[in-house]
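Heads up, the thing below is written out as structure tokens.
In the working numbering, the protein residues as written are 20 to 806.
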């Protein structure tokens, strides 16, 4: 074995604690990188396979009613390869022992055989049989939460008539991976069901014999999607078409895409932070090792070792540490990736998981780690390699000694001798002290990044569900109806206040950009549905004009005063220019807002509403639910308290799980940084501390000198770490902006306190470990002359 190789392994063993701490930092970055990207690749692969195997449609269209004969005309449109028509309807469900309101979506299946598009993955049971009018297949998530199985029954209010349905199958569909009820912002698997029923009985229930109200299309290869949509809209307009849309705008696919995009953001942002800390830490460690080995470097050069050989020796030292970190990170990342993938599979209800770890992901993780580590230490290694032997033989020039600040201020009389030594050493080595503080501050900042999203989510819930959506219950009607419908709601026991609402699907156009969304029409003085500005003050909806969501405004490039084009997608489908009156601050969704009467005028209709907001006495909620269930006009019921619980539950399964993992790995980084700072300080000052022991200082006094300096640097670094953490959180927030929700920059005192506590705990544990090593100082070596 070559001499330098022996030296390398000997030094690694001597600095094994430091090397392990650095390897843990690299392990953390690699683990998050591999976990995130392998999960992403697995979800994308699973989704693509699922879409292809079960023939997920490419174009979708909803309409009021059209004769079956129109199907042939749709098929004849240029670019259309396959057409399938359906009957779709919303219903209310009644489950024994479950008082909360439950909405179902009935989707027709062919009377015989499987559908051509959006086929079902049967988990249990079978499809509906011909001639069985009361058979349904239920989606898996809803069935599992209610303990339903083939052979069970449930009651449904279908077109105002109560009917008992028999479950014959449990299934999943590529159309409902992200299962979202109309008007909802988060999925509610327990209170929203998808039910598939034979076409003939569903037609009969809604007087739709020989007709359809939903269309699925597959396009021919090379077809222009937008051209087909335009022609399809023109064809369906007279039949109450609500605007055809591509797969990218389909609710499930769109929100799944947004979630995956957010996961990709987390997959890149966190490793960048972790790798940066690792590079900084390696630079400090290698720089100080080289400073301590000046004489060894000179001896090596005197024995004929070239600059290149010495430089490669230290690079090899770095690469060995990196190799341990990468190996551990890959194993940990695969394990965490499989766990995270299983969580996403359960949440999105894929029928299976195709977990994949691309060789490119592993190679990228290793390559990034090596490049970051080498670049982080290259300057120090270059200095070591180019250091002239004669200069290296001499000890490092001593610091400039002068009266310290405490002495210039006359404070030394109140400070003990060891305390004055601490302050002098910090002041006389400002660069090393600053680097140590910066390393500890970075560790504190990383802890804040891993923990701040809980604060942000609490704030989002407060703004969305306490300040903006203040209703207890939101209702939607089967059809827009007269405002007089509110009178019957006001008479329900426990109802304290009622407001009418009108919602209209639209496509907003501005210049060459467009977005499909919903306009919410509410009363100008609404108490239950408020629109808030950037200061979270209520916005008074103008008599004319529209108020749009801030994220929607950025997406379209719209500012107050700009004129946008509203293309209404229901009713008479008017197209009107409207001025943007104001921008609203919202963290969920991409909506727009108008006064209800102004929206009625835009729709060229009377004083009508399509839903209502209710404030109710919580003691009467179950009774109100029962009353609403018996109202045939009410087709959907959304309860605010339930929506809040679902929001937390969903984020706990996705983003908060990711946050928990990064918090744990961030704590690893914090300990690695603080321990290395302490261990390097001991290596640098070991001879000095041993000299003090020879001169009569006790073990406690020298421990106080070394650990007191670490404590002082840590206490000063923590406030600096708060600033670093806030900056890192701001960077992450800027990357977490999606159509689904936007994470605000909110940092509560608990987050600061937790980050500080982890750093202080790391310092305490490191101090205990250093204390034990102080007992092993070689006092005999100090008595020998150092040449």
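Think of the CB as a built atom: it goes at the ideal place given N, C-alpha and C, for glycine as much as any other residue. Note that the coordinates shown come from a computational prediction; the quantities given were computed from them, not determined experimentally.
Next on the checklist: What ranges does the alpha helix (DSSP H) occupy inside the segment 622 to 684, keeping only unbroken runs of at least 4 residues that lie completely in it?
Outcome noted: Under the rule that a run must span 4 or more residues, the alpha helix (DSSP H) segments found entirely inside the segment 622 to 684 read 640 to 648 and 659 to 672.
Checklist entry - Just reading off the beta strand (DSSP E) that residue 496 is part of, what are its end residues? => result In the chain shown, residue 496 corresponds to position 477, counting from 1. DSSP places residue 496 in the uninterrupted beta strand (DSSP E) bounded by 492 to 501.
Checklist entry - Taking Cβ to Cβ, would you say residue 288 is nearer than 9 Å to residue 606? => result Taking the first residue of the chain shown as 1, we reach residue 288 at position 269. Taking the first residue of the chain shown as 1, we reach residue 606 at position 587. No Cβ-Cβ contact shorter than 9 Å links residue 288 with residue 606.
Checklist entry - What's the gap between the Cα of residue 173 and the Cα of residue 41? => result As a first step, residue 173 is located in the chain shown; it is residue number 154 there, counting from the start. As a first step, residue 41 is located in the chain shown; it is residue number 22 there, counting from the start. Here the C-alpha atom of residue 173 lies approximately 59 Å from the C-alpha atom of residue 41.
Item to check | Local Cβ density within 10 Å of residue 28, reported as buried at 16 or more and exposed below that | outcome: Within the chain shown, the letter at position 9 stands for residue 28. The C-beta of residue 28 has fewer than 16 other C-beta atoms within 10 Å across all chains shown, which makes the residue exposed.
Item to check | Three-way DSSP call (helix, strand, coil) for residue 101 in this model | outcome: In the chain shown, counting from the first residue as 1, residue 101 sits at position 82. Three-state DSSP puts residue 101 in a strand.
Checklist entry - Who are the near neighbours of residue 92 in its chain, counting only those whose CB is closer than 8 Å to its CB and skipping five residues on each side? => result Position 73 of the chain shown, counting from 1, holds the residue named residue 92. 254, listed in sequence order.
Checklist entry - What's the gap between the Cα of residue 795 and the Cα of residue 784? => result Counted from its first residue, the chain shown places residue 795 at position 776. Counted from its first residue, the chain shown places residue 784 at position 765. Approximately 18 Å, taken between the alpha carbons.
Item to check | Integer Cβ distance of residue 147 from residue 156, believed to fall under 8 Å | outcome: Here residue 147 refers to the residue found at position 128 of the chain shown. Here residue 156 refers to the residue found at position 137 of the chain shown. The pair is a contact, with the Cβ atoms about 6 Å apart (cut-off 8 Å).
Next on the checklist: Which of the three DSSP states is assigned to residue 324 in this structure?
Outcome noted: Counting from one through the chain shown, the residue named residue 324 turns up at place 305. In the structure shown, residue 324 sits in coil (DSSP, three-state: anything other than H, G, I, E or B).
Item to check | Nearest candidate by alpha-carbon position, reference residue 227, set 243, 178 and 192 | outcome: Sequence index remark: in the chain shown, residue 227 carries index 208 (1-based). Considering only 243, 178 and 192, the residue with the shortest C-alpha distance to residue 227 is 178.
Checklist entry - What is the DSSP secondary structure of residue 233, counted as helix, strand or coil? => result Reading the chain shown from its first residue, position 214 is the one you call residue 233. In the structure shown, the three-state DSSP call for residue 233 is strand.
Checklist entry - Got a sec? Which residues, its chain only, sit under 8 Å from residue 806 by beta carbon, not counting five neighbours each side? => result Within the chain shown, the letter at position 787 stands for residue 806. Its pLDDT being 48, under 50, residue 806 is placed unreliably by the model, and the measurement read from it follows with that caveat. In the same chain as residue 806, and ignoring 5 residues on each side of it, no C-beta atom comes closer than 8 Å to its own.
Checklist entry - What are the uninterrupted segments assigned as alpha helix (DSSP H) that are 4 or more residues long and contained completely in the segment 354 to 382, given in chain order? => result Entirely contained in the segment 354 to 382, not one alpha helix (DSSP H) run reaches 4 residues.
Checklist entry - Mind checking residue 267: buried by the 16 CB within 10 Å criterion, or exposed? => result By one-based count along the chain shown, residue 267 stands at place 248. Using a 10 angstroms sphere on the CB of residue 267, the tally of other CB atoms stays under 16, which defines it as exposed.
Checklist entry - From residue 127 to residue 668, what does the alpha carbon distance come to, in whole angstroms? => result Position 108 of the chain shown, counting from 1, holds the residue named residue 127. Position 649 of the chain shown, counting from 1, holds the residue named residue 668. A direct Cα-to-Cα measurement between residue 127 and residue 668 gives close to 31 Å.
Checklist entry - In terms of alpha-carbon separation, which member of 725, 49, 153 and 653 lies closest to residue 445? => result Translated into positions along the chain shown, residue 445 becomes position 426. Of the candidates 725, 49, 153 and 653, the one whose C-alpha sits nearest the C-alpha of residue 445 is 725.
Checklist entry - What number of angstroms, rounded off, separates the C-alpha of residue 610 from the C-alpha of residue 524? => result As a first step, residue 610 is located in the chain shown; it is residue number 591 there, counting from the start. As a first step, residue 524 is located in the chain shown; it is residue number 505 there, counting from the start. Note on geometry: alpha-carbon atoms of residue 610 and residue 524 lie some 10 Å from one another.
Next on the checklist: I believe residue 463 touches residue 740 by the beta-carbon criterion, under 8 Å. Please report the beta-carbon distance rounded to the nearest angstrom.
Outcome noted: Stepping through the chain shown from its first residue, residue 463 is reached at position 444. Stepping through the chain shown from its first residue, residue 740 is reached at position 721. Between residue 740 and residue 463 the Cβ distance is about 3 Å, and since that is below 8 Å, they are a contact.
Next on the checklist: Rounded to whole angstroms, what is the Cα-Cα separation between residue 138 and residue 298?
Outcome noted: Your numbering for residue 138 matches position 119 in the chain shown. Your numbering for residue 298 matches position 279 in the chain shown. Those two C-alpha atoms are separated by around 51 Å.
Checklist entry - Taking the beta strand (DSSP E) that residue 176 falls in, what are its first and last residues? => result Stepping through the chain shown from its first residue, residue 176 is reached at position 157. Its beta strand (DSSP E) spans residues 172 to 177.
Next on the checklist: For residue 226, report the span of its beta strand (DSSP E) as first-last.
Outcome noted: In the chain shown, counting from the first residue as 1, residue 226 sits at position 207. No beta strand (DSSP E) holds residue 226; DSSP gives it neither H nor E.
Checklist entry - Can you tell which of 636, 742 and 586 has the C-alpha that lies nearest to the C-alpha of residue 622? => result To locate residue 622, count along the chain shown from 1; it is residue 603. Minimum Cα distance to residue 622 is reached at 586.
Next on the checklist: Determine whether the beta carbon atoms of residue 630 and residue 747 lie at a separation below 9 Å.
Outcome noted: On the chain shown, position 611 is the one that residue 630 refers to. On the chain shown, position 728 is the one that residue 747 refers to. In this structure, the beta-carbon distance from residue 630 to residue 747 does not fall below 9 Å.
Item to check | Length-filtered (4 minimum) alpha helix (DSSP H) runs lying within the segment 453 to 522 | outcome: Taking only runs of at least 4 residues, the alpha helix (DSSP H) segments lying wholly in the segment 453 to 522 are 504 to 509.
Checklist entry - residue 534 lies in the beta strand (DSSP E); which residues open and close that run? => result Start at 1 with the first residue of the chain shown, and residue 534 comes out as number 515. Note, residue 534: beta strand (DSSP E), 532 to 541.
Next on the checklist: Is the beta carbon of residue 653 closer than 9 Å to that of residue 13?
Outcome noted: Absent from the structure is residue 13, since the part of the chain shown begins at 20 and ends at 806.
Item to check | residue 47, buried or exposed, once every other Cβ within 10 Å from all chains shown has been counted against 16 | outcome: By one-based count along the chain shown, residue 47 stands at place 28. Buried is the call here.
Item to check | Beta-bridge pairing of residue 442 - partner residues as DSSP gives them | outcome: Start at 1 with the first residue of the chain shown, and residue 442 comes out as number 423. Residue 442 is not bridged to any residue.
Checklist entry - What did DSSP end up calling residue 240 once you bin it into helix, strand or coil? => result In the chain shown, the residue the question calls residue 240 occupies position 221. In the structure shown, residue 240 falls within a coil segment according to DSSP collapsed to helix, strand and coil.
Checklist entry - Is the distance from the Cβ of residue 80 to the Cβ of residue 243 below 9 Å? => result Locating residue 80 in the chain shown gives position 61, where the first residue counts as 1. Locating residue 243 in the chain shown gives position 224, where the first residue counts as 1. In this structure, residue 80 sits away from residue 243, with a CB-CB distance that is not shorter than 9 Å.
Checklist entry - Short check: CB of residue 737 to CB of residue 468, under 9 Å? => result The residue you call residue 737 lines up with position 718 of the chain shown. The residue you call residue 468 lines up with position 449 of the chain shown. Taking 9 Å as the cut-off, the beta carbon of residue 737 is found no closer than this to the beta carbon of residue 468.
Checklist entry - Does DSSP put residue 36 in a helix, in a strand, or in coil? => result As a first step, residue 36 must be located in the chain shown, where it is residue number 17. Residue 36 sits in a helix when the DSSP states are folded into three classes.
Next on the checklist: Using C-beta distances below 6 Å, list every residue in its chain close to residue 24, excluding the 5 sequence neighbours before and after it, in chain order.
Outcome noted: Your numbering for residue 24 matches position 5 in the chain shown. Take residue 24, set aside five residues on each side of it, and no residue of its chain has a beta-carbon closer than 6 Å to its own.
Next on the checklist: As an exercise, report each continuous alpha helix (DSSP H) stretch of at least 4 residues that is fully enclosed by the segment 255 to 301, in chain order.
Outcome noted: As far as the segment 255 to 301 is concerned, it has no whole alpha helix (DSSP H) run of at least 4 residues.
Checklist entry - What residue from 333, 556, 503 and 613 has the CA that sits closest to residue 26's CA? => result Position 7 of the chain shown holds residue 26. Selected option, being the one with the closest Cα: 333.
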